[in-house]
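Here the sequence shown stands for residues 0 to 198, numbered as in numbering that gives the first Met the number 0.
Glycine is no exception: its CB is placed at the ideal position from the N, C-alpha and C atoms.
Please read all numbers here as calculations on a predicted model, not as lab measurements.
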Amino acid sequence: MPETTDKSMRIPITKSLIHVLFGVLLASSCLADVDGPFILANKKATLNRLKSGVERVSVSIDIYNQGSSTAYDVTVADDSWPEDMFEIVSGNTSMSWERLDAGGLLSYSFELDGKVKGLFYGSPARVTFRIPTKAAPQEAYSTPILSLDVLAERTPEKKFDWAKRLLAEYGSVISAVSIVVLFVRLVSTPSSKGSKKKR
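This is the structure:
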């Protein structure tokens with residue numbers, strides 16, 4: 000009996016301890032950078048099929064300074080696009096700015112054409128910036144992107160998947176509503192024989 004109570008006691012204590020440690024780590028990371036710049040970067044990538052055999056990848060990166068002071072010499076480099084798989088058609092995979100003020104936002108985008116069919120897993124973009132109080136440049140990383148299925152075969156049937164799901168879930172309700180609407184319309188519309196007799 001004592002063994003079972005010990006095991007049951009360990010599970011809630013372990014879970015609560017993990018929550019407390021996570022909270023402490025989160026608070027300490029926020030407090031550590033409260034007096035300086037705190038850089039967050041969000042990277043997004045979307046696929047757009049231009050024609051058969053050509054797929055355009057649109058990449059956008061937003062850089063936020065959530066800290067209390069300015070970050071200087073901000074540079075973003077997104078070198079996760081191999082030249083043998085992608086060709087840059089507009090913009091650059093890296094960009095620099097002189098400064099990013101506290102509460103500010105910097106954005107840029109570029110486009111590539113996918114040349115090789117298959118799944119692609121891009122790594123986060125690297126952000127470097129300078130703080131006047133520190134000699135070494137500081138680093139931050141963007142959010143990762145979801146895997147991109149470049150030049151994947153997409154059947155036209157996928158466009159109607161949502162309609163099939165809707166009919167599968169609500170088909171009987173749609174049928175019942177249609178019958179009621181049809182019945183009400185028939186009852187409310189006078190017949191041609193009735194209208195002749197009234198005249």
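Do residue j and residue i have their beta-carbon atoms positioned less than 9 Å apart in this structure?
i           : j           : result
residue 75  : residue 122 : no
residue 72  : residue 37  : no
residue 49  : residue 86  : no
residue 70  : residue 59  : no
residue 132 : residue 66  : no
residue 64  : residue 118 : no
residue 139 : residue 39  : yes
residue 126 : residue 46  : no
residue 57  : residue 130 : no
residue 95  : residue 120 : no
residue 136 : residue 42  : no
In this structure, how does DSSP classify residue i when only helix, strand and coil are distinguished?
i           : result
residue 111 : strand
residue 102 : coil
residue 41  : strand
residue 86  : strand
residue 120 : coil
residue 49  : strand
residue 79  : coil
residue 91  : coil
residue 97  : strand
Which residues bound the beta strand (DSSP E) around residue i?
i           : result
residue 62  : 53 to 64
residue 144 : Run containing residue 144: none; DSSP gives neither H nor E here.
residue 127 : 125 to 129
residue 70  : 70 to 76
Using a 10 Å radius around the Cβ and a threshold of 16 neighbouring Cβ atoms, would you call residue i buried or exposed?
i           : result
residue 54  : buried
residue 78  : exposed
residue 113 : buried
Three-pair Cβ contact test at 8 Å for the region 81 to 93 versus the region 102 to 110: Cβ pair count under 8 Å is three or more, so yes.
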